[in-house]
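Using my numbering, the letters of the sequence shown correspond one by one to residues 12 to 93.
The C-beta atom is built at its ideal place from N, Cα and C for all residues, glycine as well.
No experiment lies behind these values; they were computed from the predicted model shown.
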Amino acid sequence: MRDVETMTVTVKGQGQFPKEWRDLAGLQKGGPVRVTALNDPDHSLLITPIRKARRTSKGLAKFLLSCPVPLTAPERHLLPSK
């Protein structure tokens, strides 16, 4: 991917991001993004994907599979009883 890419925005404010951008940002199926105005002379915008919250055990398992280092199971110990 080049350092500088261009896209066209229609009169209605619609635009299509290049496929490479969508792939890198995890937006292959679309999704919400946060747009922040940087208030510089070029009127730049910072566009950040909003990640879905992983609230289920399936989401947690999927997240753990994406870890770069394998996770080891913790050692179990007996709790003192009365």
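Given residue i, which residues of its chain have a CB within under 7 Å of its CB, disregarding the five upstream and five downstream residues?
i, result
"alanine 36", "Pro60"
"leucine 82", "Leu75"
"serine 55", "Leu49"
Are the Cβ atoms of residue i and residue j separated by less than 8 Å?
i, j, result
"isoleucine 58", "valine 80", "no"
"methionine 18", "glutamine 25", "no"
By Cβ distance, which residues of its chain are closer than 6 Å to residue i, with the 5 residues on each side in sequence left out?
i, result
"threonine 47", "Leu57"
Ignore the nearest five residues each way along the sequence and tell me which others in residue i's own chain have a CB closer than 8 Å to its CB.
i, result
"glutamine 39", "Arg33"
Going along the chain, which unbroken runs of the alpha helix (DSSP H) with 4 or more residues stay wholly within the stretch 21-82?
30-36, 68-76
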